Each structure stands twice: as structure tokens, then as C-alpha cells.
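Residue numbers (the working numbering), protein chains in the order written: chain G, 7 to 159; chain V, 113 to 202.
This report concerns only the one structure given below.
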Amino acid sequence: MTTTTTLHPHPVPSPTPLVRYLGHCWWTCHSAGRHTWRNRCDALLAIGQLLSVIPRAARESLDLVIEPEAGWRGQVPTWLGVPCRIGRATLWLPVDEEPGRHRDLSFLALLPRHDLDDAPPFIQIGTQFLLEHRIQTHLDATSTVSPGRLTIP
Amino acid sequence: MKNAHEPSLSPYLDERERRINEDYDWCLHDVAVRKKHGGRAVVAYQRKVWGAGKTYAAAWAAARRKPGCPPRHEFALVIVPHYLPEAETR
């Protein structure tokens, strides 16, 4: 079933108007023993980026469940020069059509060895994620009511 | 393809998650929080900011220093958006 997830504007102070678009995201995290639980960490739509990125600070603060990406062939790209591992987390996105419901999606991401001082602290959603899940992206900078959405088949 | 999917998690938030969600949204939208902490990381519990800092780790460390600090899994960890009045009305 196709679902829609709203993207929310996150203004940035600047001499000229700037905005980021974030999704309200939940992530599968480690808990005690074999159990897992979820925590929320909104993620930035970063369509200028090929692969998604989970900064180290976000990984550690959430204690994300990350599985190795066994099918990856070749060298893992760096992120802005920082060496990375690559792995998969589980992302839960709210379903606009059914308030309260979330759907889970596998999230392939670069895992930088360290963070950069001037980089945004957010988990970043790259185009690989959109392609893998065949997600349509709609942005409307003229609207504050419905500024953006992801349509997920 | 490996998937970190945990089938036991419900598609619906449980009580703890709903509480975190409320605190998270409060940090995103409360004008006073945004004016004071915009651009920083905060940890919040029951509409109270327990710690703030440049990073999640700094915010959590600040919260832990306070007596009665709730356990970590009860907190919302949020990057607070700046309060920009002109952006709110655009």
C-alpha cells in the first residue's frame, strides 16, 4: 500500500532565507539483552548526497541497531574525507493516511568514523534510499501547510 | 540483503514512545525552548529541558549531572530549530 510521510521545514539563520526539510523518524535501537526498542531522531532530506549518512554522535546517542551490508562490493566511500563503514539500520516513518501508524524501511548508510564540527548533526537521507524504496519526493517552498512529502509505494 | 528489522516492534508507538514524541514535538515548536536553545541539542523529559549542549553527548552529560535525572531511554534527544519569526510567517 502506498503511504505518504510529511516533510517538515527546519529554518536556518542566514542573511538569505534557508531551510532544511526533515522527516519525523524513529529508529530501531539496542536495549538490554536481546530486546530492541525505538527512539526518535528526525532525519534530513539530503538529495545532493548519493548515500545516506548516520553521524557518529547520532549512532552513539541512539545506540542504533546496525547490520553489516554483506553485499557491498569494493571500497566504502568516504564522507567529506572521513573514512566510513557501511551498514543498515531500520527507519520507521509516520504514515499520514493512518495517524499513529509507522512503517519500517531498511536504511543503508555510511557510518563515518568521526563527525565534522561544521557538518549538520542530523542523520541524512541520500538518494540511494529514495531509489531503493522507489520513493517520490515532493517539495513546495511556497507552502507552509504542506512543504514536502515522501510518497512510498 | 540483511535487514535490521525487528518483527516484534509494533507499527504503533507504545506509551513510552508517545511520551517521547510529545516531548520531541514540544522542543520543535515551543517558542521559549527555540529562543533559548535553537541550533543546539537538548534532552527533554515531560516538557522540561534537562540538559543542552552543542552535541547530543554534551546535552546528555549536562542532564546526568542533575539530581533525579530520569533514565536515558525516557528522554527525547532533539536538535532544536532556531526561532526565526520571519520564517514562521512565510
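For glycine and all other residues, C-beta sits at the position ideal for the given N, C-alpha and C.
Since this is a predicted model, take the numbers as computed values, not measurements.
According to the neighbour-count rule (16 or more other Cβ atoms, all chains shown, within 10 Å of its Cβ), is G:Gln142 buried or exposed? Exposed, because fewer than 16 other Cβ atoms sit within 10 Å of the Cβ of G:Gln142.
Chain B partners of V:Glu129, CB-CB under 7 Å? No chain B appears in the structure shown, which is made up of the protein chains G and V.
Could you give the C-beta distance for G:Gln130 and G:Leu50, rounded to a whole number, given that I count them as a contact under 8 Å? With a Cβ gap of about 5 Å, G:Gln130 and G:Leu50 count as contacting.
Quick one: is G:Glu103 buried, meaning 16 or more other Cβ sit within 10 Å of its Cβ, or exposed? Exposed: under 16 other Cβ atoms inside 10 Å.
From V:Leu196, V:Ala156 and V:His194, pick the residue whose C-alpha is nearest to that of V:Lys178; which is it? Taking only the C-alpha atoms, the option nearest V:Lys178 is V:Ala156.
Counting only beta-carbon separations shorter than 8 Å, does G:Pro105 have a partner in chain V? With a threshold of 8 Å between beta carbons, G:Pro105 makes no contact with chain V.
Should V:Glu129 be labelled buried (16 or more other beta-carbon atoms within 10 Å of its own) or exposed? Around the Cβ of V:Glu129, a 10 Å sphere holds 16 or more other Cβ atoms; the residue is buried.
Using a 10 Å radius around the Cβ and a threshold of 16 neighbouring Cβ atoms, would you call G:Trp43 buried or exposed? It is buried - the Cβ of G:Trp43 has at least 16 other Cβ atoms within 10 Å.
Helix, strand or coil: how does DSSP classify G:Phe113 here? Taken through DSSP and simplified to helix, strand or coil, G:Phe113 comes out as strand.
Pair within 8 Å by beta-carbon distance, G:Thr12 and G:Arg155: Contact flag set, yes.
Segments assigned beta strand (DSSP E), at least 3 residues, entirely inside the region 17-96 of chain G: If we require 3 residues or more, the beta strand (DSSP E) runs fully inside the region 17-96 of chain G come out as 24-29, 32-36, 42-46 and 49-51.
Spatial distance of G:Pro159 from V:Glu186 (CA atoms): Going by the C-alpha atoms only, they are around 33 Å apart.
Within a Cβ cutoff of 6 Å, which residues of the same chain sit near G:Pro19, ignoring the five residues on either side of it in sequence? There are no such residues.
Please state whether the Cβ-Cβ distance between V:Leu196 and G:Pro15 is less than 8 Å. Not in contact: V:Leu196 and G:Pro15 (Cβ atoms no closer than 8 Å).
Proximity to G:Asp48 [Cα-Cα], best of G:Ala64, G:Gly29 and G:Arg62: Taking only the C-alpha atoms, the option nearest G:Asp48 is G:Gly29.
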